[in-house]
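J.: Letter by letter, the sequence shown follows residues 36 to 136 in the numbering used here.
Every residue, glycine too, gets a C-beta built ideally from N, C-alpha and C.
Before I ask anything, let me first share the structure, which is written out below as structure tokens.
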Amino acid sequence: MQCPSCHSEHIIKNGRIHNQKPKFACKACGRQFVENPQNRISDDKKKLIDKLLLEKISLAGIARVVEVSECWLHSYVKQKYKDTPRQTQVRKKTKGKLVIQ
Ligand SMILES: [Zn+2]
């Protein structure tokens, strides 16, 4: 067995996760992982989720439609927003005249 991050074989057992599957930890990089995780979401599904996120549908609704856990969806969305640079942060200074409305 190898670490999914650094491919080291220096793996130790590190307890169990909620569904009793054994959890492992990599001694080399410290990553924790489960062997053959079953909740992998396919890229197709992620693309569909991306589209659904653009609609005004609740996360709970999306989770039901695409059959992922709400918990997973929350972390997915959180991750997505972290990756996307915030557009409101950079505000261009308007050059020239003041516009009075
Ligand atoms: Zn590792």
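1) Cβ atoms of residue 89 and residue 105: under 8 Å apart, would you say?
2) Which partner residues does residue 60 have in the DSSP bridge list?
3) Evaluate contact between the stretch 58-66 and the stretch 41-50, counting only Cβ atoms and requiring at least three cross-stretch pairs below 8 Å.
4) Among the residues of its own chain, which have a CB less than 8 Å from the CB of residue 38, if the five just before and after it don't count?
5) So, residue 84 versus residue 111, is the Cβ gap smaller than 8 Å?
6) Among 102, 98, 50 and 78, which has the Cα closest to the Cα of residue 70?
7) Considering only heavy atoms of ligand 1, does any lie closer than 7 Å to the CB of residue 63?
8) Give a single yes or no on whether residue 110 has its beta carbon closer than 7 Å to a heavy atom of ligand 1.
T.: Inspection of the coordinates gives the following:
1) By 1-based counting over the sequence shown, the position of residue 105 is 70. By 1-based counting over the sequence shown, the position of residue 89 is 54. Result no, Cβ atoms of residue 105 and residue 89 do not sit closer than 8 Å.
2) Start at 1 with the first residue of the sequence shown, and residue 60 comes out as number 25. According to DSSP, which records beta bridges pairwise, residue 60 is partnered with 47 and 67.
3) yes
4) Your numbering for residue 38 matches position 3 in the sequence shown. Hits under 8 Å: 44, 45, 46, 61, 63, 64, 66 and 68.
5) Along the sequence shown, one-based indexing puts residue 84 at 49. Along the sequence shown, one-based indexing puts residue 111 at 76. Cβ distance < 8 Å, so residue 84 and residue 111 count as in contact.
6) In the sequence shown, counting from the first residue as 1, residue 70 sits at position 35. Ranking the options by Cα distance to residue 70, first place goes to 50.
7) Against the sequence shown, residue 63 aligns to sequence position 28. For ligand 1, at least one heavy atom lies less than 7 Å from the Cβ of residue 63.
8) Translated into the one-based positions of the sequence shown, residue 110 becomes position 75. No, ligand 1 has no heavy atom inside 7 Å of this Cβ.
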